[in-house]
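Working notes, structure below.
Number of protein chains: 2
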Amino acid sequence: MLKEERQQRILGEVELHNRILLTDMAEILDVSIDTVRRDVKELDAANKLQKVHGGAISMGFTTYSARNNNIYALEQKTIIAEKAVTLLKQGGVIFIDGGTTCMELARLIPDDLELTCFTLSLPVAMQLLTKPNVTVIFVGGQISKEAQISIGANAIHHLSEIRVDYSFIGTGYVDALFGLTEFDWDIVQVKKAVIKASKKTVLLSISEKLNSQHRYKTCDISAINTMITELDPDNNLLNLFRNYDIRLL
Amino acid sequence: MLKEERQQRILGEVELHNRILLTDMAEILDVSIDTVRRDVKELDAANKLQKVHGGAISMGFTTYSARNNNIYALEQKTIIAEKAVTLLKQGGVIFIDGGTTCMELARLIPDDLELTCFTLSLPVAMQLLTKPNVTVIFVGGQISKEAQISIGANAIHHLSEIRVDYSFIGTGYVDALFGLTEFDWDIVQVKKAVIKASKKTVLLSISEKLNSQHRYKTCDISAINTMITELDPDNNLLNLFRNYDIRLL
DNA sequence: ATATATTTTGCTGTATTATGCATTTTATTT
DNA sequence: AAATAAAATGCATAATACAGCAAAATATAT
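Protein chains in written order, with my numbering: chain A, 24 to 272; chain B, 24 to 272.
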């Protein structure tokens, strides 16, 4: 048996039972306790579990499962998501877009908040399933391999049949003058449909994307009700956006 | 034997069993262990697999590890999935159900196979996204927290609008006399809709589920065209099913 | 076709890694 | 404090990795 394989099984047991004893694992895996000890030590060093006297305990559920730890600018995106969470209301009906920033928002939804969430994004939907009081409704359609979201006529048609209080969307590029733009035409089409299906639209974007543009246009800045960046709302970088009827957060 | 061919076989073994030992591969391929080692080294450099001491593990193994360890009767399910893969035809339009057995099927779809796959299952959809030549279409709806699949009127309605060549479904319980049954009423409703949307229905079930039943009925055995278990088709345990016009695999 | 590079492969000896055992040190319990 | 359990340490053994080399296979040039 390969070392990695063994360590995976140890991890699996830990995830399953929340705790293990080294002696048990040694017997299950049919290796010496020293080997198990060394494995657990490595896994602990890799933050996959927590080593304790005589065994190991799970780190908790969310740590390793769906969340990649190589998200670009995660710090900023977490700040944005935290601000976005404050807009959520008990019993609300919202839409959450795909992308890593929206993923953070989905992750940070409090356990006690009751919501109905629509989404086009497979990862976001998976994340939302961990929230006990969130009803998840996936807007079906053909799935884009890169973006992992529903695209195409079908998805757009389904969106035309719903109307949510708030939609939280990301964008590839945003500019005060040119509005929201994308690299991908299909994505633009569904984003348009999302905005149309929302009473209010909230844009989540890291400041790095400000004043950038691309080929296809999703909407004007004026179509956005609230824009959230990781910056302080008074920051000068946001000045260009103050000409519009848009709330900065 | 060509180097390329050999590397493909190594990769195939890794995909299938999640791990290989260099010594095993050397024997299987009838080359020296050094050659295998060098091949694996190249494949590792190309990010096709992960080389470890004594062998190699598949890329998905570590990252998406929730799958591997906690799946009950994985070996049997892999056998079933391998049989199911043989039914797939280039350019086919199929439906893949949720559940761990169907997940295995999704995982084992060859990279070069062109398919259009419908599914209700979020994990299956995620898995299918890794297949370069598979078009994934997700049938939207409210997502069941436990089963992680679309349920409800919406999903059923969408299913009524499609017709696939083959559907591959799992079931909670199966009995020659009572047919396919489930614990959950909502699940039964979508399963019915799936069967109605398929020209041919293939049931994937480990033999352990044979001759078991529960509260709600999905369909009679006669509604199934092919049943795949991990057993040999001639196995006596399948005798009761021979009274029906059903292909055993 | 022949001769010449280039690549691939297997073999050798040496370095590295993994594992289990014995012993000492440290932590936990009574 | 004594008894016990677990962890750390050092070491021996076996398996594996690696570098270098030569033979074989393949490709390329003349």
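By construction, the Cβ of each residue, glycine as well, lies at the ideal position given by its N, Cα and C atoms.
Pick from the options: whose alpha carbon is nearest that of residue i?
i        : options                                : result
A:THR124 : A:ILE80, A:PHE161, A:TYR95             : A:TYR95
A:LEU97  : A:ALA68, A:ASP53, A:PHE118, A:ARG130   : A:ARG130
A:LYS219 : A:ALA246, A:HIS237, A:ILE229           : A:ALA246
A:LEU34  : A:GLU50, A:ASP53, A:ASN70              : A:ASN70
A:VAL157 : B:VAL157, B:PHE161, B:VAL159, B:GLN165 : B:GLN165
A:ILE210 : A:GLY175, A:ARG186, A:ILE160           : A:GLY175
B:TYR196 : B:GLY115, B:LEU233, B:GLN171, B:PHE264 : B:LEU233
B:ILE192 : B:LEU227, B:ASN248, B:HIS181           : B:LEU227
A:GLU105 : A:THR252, A:VAL63, A:ASN259            : A:THR252
A:ALA178 : A:ILE185, A:TYR189, A:GLY163           : A:GLY163
B:GLN31  : B:VAL59, B:SER55, B:ALA170, B:THR46    : B:VAL59
B:THR101 : B:ILE132, B:THR204, B:LYS26            : B:ILE132
A:GLU205 : A:ASP47, A:THR194, A:LYS215, A:VAL213  : A:THR194
B:MET250 : B:MET149, B:TYR239, B:TYR267           : B:TYR267
B:ARG29  : B:LEU52, B:ILE43, B:ASN41, B:GLU38     : B:LEU52
B:LEU261 : B:ASP198, B:SER190, B:ILE160, B:VAL37  : B:ASP198
B:LEU110 : B:ASP188, B:ARG238, B:VAL75, B:HIS40   : B:ASP188
B:ARG186 : B:ILE117, B:ILE229, B:MET126           : B:ILE117
Within the continuous beta strand (DSSP E) that includes residue i, where are the two ends?
i        : result
A:THR204 : 202 to 205
B:GLN31  : Unbroken run through B:GLN31 is the alpha helix (DSSP H), 26 to 40; no beta strand (DSSP E).
A:LEU227 : 221 to 227
B:ASN164 : Looking at the sequence provided, one finds Gly at residue 164 of chain B rather than Asn. Where B:GLY164 is concerned, the enclosing beta strand (DSSP E) stretches over 164 to 166.
A:ALA170 : Taken as a continuous stretch (DSSP letters only), A:ALA170 belongs to no beta strand (DSSP E), as it is neither H nor E.
B:ILE251 : 249 to 251
A:GLY77  : It is not in any beta strand (DSSP E) - A:GLY77 carries neither H nor E in the DSSP assignment.
What residue range does the alpha helix (DSSP H) around residue i cover?
i        : result
A:LYS64  : 56 to 68
A:GLY193 : Counting along the chain, A:GLY193 falls outside any alpha helix (DSSP H), and DSSP gives it neither H nor E.
B:GLY175 : 175 to 182
Under three-state DSSP, which class holds residue i?
i        : result
B:ILE51  : helix
B:SER235 : coil
A:GLY186 : Looking at the sequence shown, residue 186 of chain A is not Gly but Arg. In the structure shown, A:ARG186 sits in coil (DSSP, three-state: anything other than H, G, I, E or B).
A:ILE43  : strand
B:ASP268 : coil
B:LYS71  : coil
A:THR85  : With a pLDDT of only 38 at A:THR85, under the threshold of 50, the placement of this residue in the model should not be trusted; the figure read from the coordinates follows. DSSP places A:THR85 in coil when its eight states are reduced to three.
B:LYS240 : strand
Taking residue i as the query, report the chain B residues whose CB atoms sit under 8 Å from its CB, ordered along the chain.
i        : result
A:GLY164 : ILE160, PHE161, GLY163
A:ALA148 : LEU145, ILE166
Note down, in chain order, every chain B residue with its Cβ under 9 Å from the Cβ of residue i.
i        : result
A:GLN236 : Within chain B, no residue comes near A:GLN236; the closest Cβ sits about 29 Å away, beyond 9 Å.
A:LYS26  : VAL75, HIS76, GLY77
Going along chain A, which residues have a C-beta under 8 Å from residue i?
i        : result
B:SER173 : PHE161, GLY163
B:HIS181 : GLY163
Interface residues of chain A around residue i at Cβ under 9 Å?
i       : result
B:ILE80 : LEU25, GLU27, GLU28, GLN31
Identify the contact partners of residue i in chain A, using a Cβ-Cβ distance below 7 Å as the criterion.
i       : result
B:ARG42 : LEU25, GLU28
Under 7 Å between beta-carbons, which chain B residues line up against residue i? List them in chain order, please.
i        : result
A:LEU152 : ILE166, LYS168, GLN171
In chain order, each beta strand (DSSP E) run of at least 3 residues that lies wholly inside the stretch 87 to 156 of chain B: 115 to 119, 138 to 142
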